[in-house]
Structure formats: structure tokens, C-alpha cells
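> Mapping to full-length UniProt numbering: the sequence shown position 220 is 220, numbers consecutive.
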Amino acid sequence: MEFQSSFGLAFMELFDKFELPFSNYLGLFMREKRHFLKPGELSGALMVETAGKATLAIFALTLWLETCAEILRGYPCIRRKNQLYCPSPGNTYPKDRIEKFIDENKALVKRMVGEYSFGNEDDSNNTPAFKFDQFETYDGHPVHSRNKRARTAFGASPNKVDACESAVEIVTPYWASNSAGKIRAIVNTQHLQQAIQQEVCQAVQTKKCNGDCNCEQKYKWHRLLAYDPDDDCKGIFMDWFLFPSCCVCRCLSPIKQ
1 MEFQSSFGLA
11 FMELFDKFEL
21 PFSNYLGLFM
31 REKRHFLKPG
41 ELSGALMVET
51 AGKATLAIFA
61 LTLWLETCAE
71 ILRGYPCIRR
81 KNQLYCPSPG
91 NTYPKDRIEK
101 FIDENKALVK
111 RMVGEYSFGN
121 EDDSNNTPAF
131 KFDQFETYDG
141 HPVHSRNKRA
151 RTAFGASPNK
161 VDACESAVEI
171 VTPYWASNSA
181 GKIRAIVNTQ
191 HLQQAIQQEV
201 CQAVQTKKCN
211 GDCNCEQKYK
221 WHRLLAYDPD
231 DDCKGIFMDW
241 FLFPSCCVCR
251 CLSPIKQ
């Protein structure tokens, strides 16, 4: 127990270097693991909250190692599968500066939003802005699961199911990495909100996708209104960001003789 306490305190010192409270990171780890906790494990995990920060630190570290997620210093995000996962804006989100720019440049923002929301319908990479009340669920909770359900695409056969397990989510990102690899704040305020529908793989292999086949995560570029917190002079601008789009079963091609 002495080792556990000293190790936990040492790990807590690392968290103290970040801007967010430790509880924020624990909650983020819990959301990362929600798909993998068994019924009996969830209650046990919640009981850990009463055991003190040292135990919580070890618990969080274990989840970190299991998910192979990288914490990004200065941002309320972790990096999973080469993508940022930011369930909350955090303390560094430039909300006041974004709202000030919108208030001082209403005509410009109106033109940008008009182009953004009602652009060319053939451009599948344009993602419209949404209001929160259009969705019954939020904060990354799965809207529905496709693990044993036929796709609802037009013309889909009701007798067929997906080979891979996946979860479809409606998320409102606050931070994302653009096409140049730079982290930008995504405009999501009370008066101007943007949402992304994404489908995330839940397993590497399933009963229908195994052997030489694996479930592979696919991604899609979305054009969103963004803000550079390091350069207020840029104001609000359009930028490209990559988000999970679908989960497909891919198999090794046979070796030609």
C-alpha cells in the first residue's frame, strides 16, 4: 500500500502540470472505457472514487495504458487512433474571444454561416451547423449502435447486418486537428453551434469479420468554422478537419501465384 500511495502521488504531480482538474481526466478516461467495462466492473470503478486521489491516479493510469491514449498538454483532449477526442471545451477554450468576434462582425459571420449551412448540396464534405435541441443525446453518447442492426441507408436489405460493430455518435467538437496538423478551436457557442455525425469501430474483429479480416476505421474530411487561439487577428475562418465516418471489414487480398 505504501508503494501504491507513493506511486499515486507521483502520478498526481504529473496531472498538476495540466490546466484541467484531475476529475476531468478521470471522467474522460471513464468515457473512453465505457464500451469495455463489464456490468460488475462499472460499480467497482465508481467505488474507486472514494478511495482518494492516489488510488484514482493509478486507476486512471491503468485506463490510459489500456486505451493507448495520449494526453495533450494544455487541452482537454486525448489522442486516440490518430484523432483528437475532446468531450469538453476546457479552461483554454477561447469562448469570450469567439463571441466578441461574432458580435463585432455580424455581417461577415452571417455570410460565412449562410455559405456554410446552405452551400452546394453536392459537396458531401460540407457539414451543416446544428442546434443542440435537434438531438436527444449529446456529449458523445451513442445515438444508436450498429452492431446487430441493418444499415438504414436507402435501398438497404432488412435481412442484412453489418459485419463490424460500430457506434454512431452526434458530437459537438470544441477542439480538432486540421489538415496541417495544427490544433484549432471549433466554433461552438450558444448562438453558433456545429455538430458532426460519426461512426466509430467498437471491435477489431467480430464473428462475421475475423481471420484474415479486420474492422477498419474510415475517416472523412469536414469543413468547419474554426478559431486560432494563438492569433486573434485571423478571427473566425473555415478549415478542414478529419473525423471518423464509418467502420468497414477489410480482408487481406489473396497472394497471386
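Backbone N, C-alpha and C define an ideal beta-carbon position, used for all residues, glycine too.
#1: Tell me which residues share the same chain as histidine 191 and place their Cβ nearer than 8 Å to its Cβ, disregarding the 5 neighbours each side in the sequence.
#2: Output the boundary residues of the alpha helix (DSSP H) element that contains lysine 100.
#3: Considering only residues of the same chain and omitting the five flanking positions on each side of asparagine 188, which have a CB-CB separation below 8 Å?
#4: Tell me whether phenylalanine 237 is buried or exposed, calling it buried when 16 or more other Cβ atoms sit within 10 Å of its Cβ.
#5: Using three-state DSSP, classify lysine 207 as helix, strand or coil.
#6: Under 8 Å by Cβ, that's how I've got valine 204 and proline 244 pegged, so tell me the actual separation to the nearest angstrom.
#7: Which residues in the same chain have their Cβ closer than 7 Å to the Cβ of arginine 34, if we skip the five residues on either side of it in sequence?
#8: Taking Cβ positions, are cysteine 251 and glutamine 217 nearer each other than 8 Å?
#9: Compare the C-alpha of proline 94 against each of Ile186, Arg111 and Lys220 and name the closest.
#10: Report the rounded CA-to-CA distance for glycine 140 versus isoleucine 255, giving the unit in angstroms.
#11: Write down the C-beta distance between glutamine 202 and alanine 167 rounded to the nearest angstrom, noting that I regard them as a contact closer than 8 Å.
#12: Check the DSSP bridge columns for serine 177 and list the partner residues they point to.
Looking at the coordinates:
#1: For the purposes of this step, residue 191 is taken as residue 191 along the sequence shown, with counting starting at 1. Within the same chain, histidine 191 has close Cβ partners Glu99 and Ile102.
#2: What you label residue 100 is simply residue 100 of the sequence shown in a count that begins at 1. Residues 95–104.
#3: Along the sequence shown, one-based indexing puts residue 188 at 188. Excluding positions up to five away in sequence, the list reads Pro89, Thr172, Pro173, Tyr174 and Gln194.
#4: The count along the sequence shown starts at 1 and reaches residue 237 at position 237. Counting Cβ neighbours within 10 Å, phenylalanine 237 comes out exposed, since fewer than 16 surround it.
#5: Indexing the sequence shown from 1 puts residue 207 at position 207. Judged by DSSP in its simplified three-state form, lysine 207 adopts coil rather than helix or strand.
#6: As a working mapping, residue 204 is identified with position 204 in the sequence shown. As a working mapping, residue 244 is identified with position 244 in the sequence shown. With 8 Å as the limit, valine 204 and proline 244 do not qualify as a contact, their Cβ atoms being about 15 Å apart.
#7: Residue mapping note: residue 34 aligns to position 34 of the sequence shown, counting from 1. Per-residue confidence for arginine 34 stands at a pLDDT of 43, beneath the threshold of 50, marking its modelled position as unreliable; the derived number appears in the next sentence. Around arginine 34: no qualifying Cβ.
#8: Sequence index remark: in the sequence shown, residue 251 carries index 251 (1-based). Sequence index remark: in the sequence shown, residue 217 carries index 217 (1-based). No Cβ-Cβ contact shorter than 8 Å links cysteine 251 with glutamine 217.
#9: The residue labelled residue 94 in the question sits at position 94 within the sequence shown. For the residues Ile186, Arg111 and Lys220, the minimum Cα distance to proline 94 belongs to Ile186.
#10: Translated into the one-based positions of the sequence shown, residue 140 becomes position 140. Translated into the one-based positions of the sequence shown, residue 255 becomes position 255. Confidence at glycine 140 is low in this model, with a pLDDT of 38, below 50, so its placement is unreliable and the value that follows should be read with caution. Taking the straight line from one Cα to the other gives about 41 Å.
#11: Position 202 of the sequence shown, counted from the start, is the residue given in the question as residue 202. Position 167 of the sequence shown, counted from the start, is the residue given in the question as residue 167. At roughly 6 Å, the Cβ-Cβ gap stays under 8 Å, so glutamine 202 and alanine 167 are in contact.
#12: Locating residue 177 in the sequence shown gives position 177, counting from the first residue. According to DSSP, which records beta bridges pairwise, serine 177 is partnered with Ile183.
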